[in-house]
Structure formats: C-alpha cells, structure tokens
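Heads up, the sequence shown is in my numbering, so the first residue is 75 and it goes up one at a time.
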Amino acid sequence: KPMNCPCHVQIFNHGLRSYRELPLRMAEFGACHRNEPSGALHGLMRVRHFVQDDAHI
75 KPMNCPCHVQ IFNHGLRSYR ELPLRMAEFG ACHRNEPSGA LHGLMRVRHF
125 VQDDAHI
C-alpha cells in the first residue's frame with residue numbers, strides 16, 4: 075500500500091546517495107489503531123490495536 079513515510083524520507087535525505095548504495099532497505103514497527111463501530115470487530119481477526127511491521131525496499 076503506498077503511503078507517506080516522513081521518517082524514511084528524512085533518513086534518505088540525510089546524506090548524498092550513490093546509485094551503488096541502492097536499493098536502500100528500511101524497516102519499522104508501528105502501532106496501528108482502528109476506530110470501528112460496535113459489532114464490527116471479530117475476535118483476533120479485526121482488533122482495535124495492533125503492531126504492524128513495514129518494510130521499504
């Protein structure tokens with residue numbers, strides 16, 4: 075899913091990059107929250123809070 079990752083943009087812009095350093099691989103763990111209506115949550119399949127690992131290559 076395409077999304078805006080400001081922390082990764084700052085890391086990438088920190089120094090001059092050469093094409094030899096590419097691909098640049100980064101990963102992060104982030105907490106995701108959902109505010110869903112009552113009854114929309116189904117046990118462990120749809121929860122309000124979870125930790126998602128994102129990898130950017």
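We treat Cβ as the ideally placed atom computed from N, Cα and C, and that holds for glycine. Since this is a predicted model, take the numbers as computed values, not measurements.
For His107, the enclosing beta strand (DSSP E) stretches over residues Met100 to His107. Cα atoms of Met100 and Gln126: separation of roughly 14 Å, rounded to the nearest angstrom.
Residue pairing for Gln84: DSSP places it in no beta bridge.
Spanning the alpha carbons of Leu96 and Ala105 requires a straight line of approximately 28 Å.
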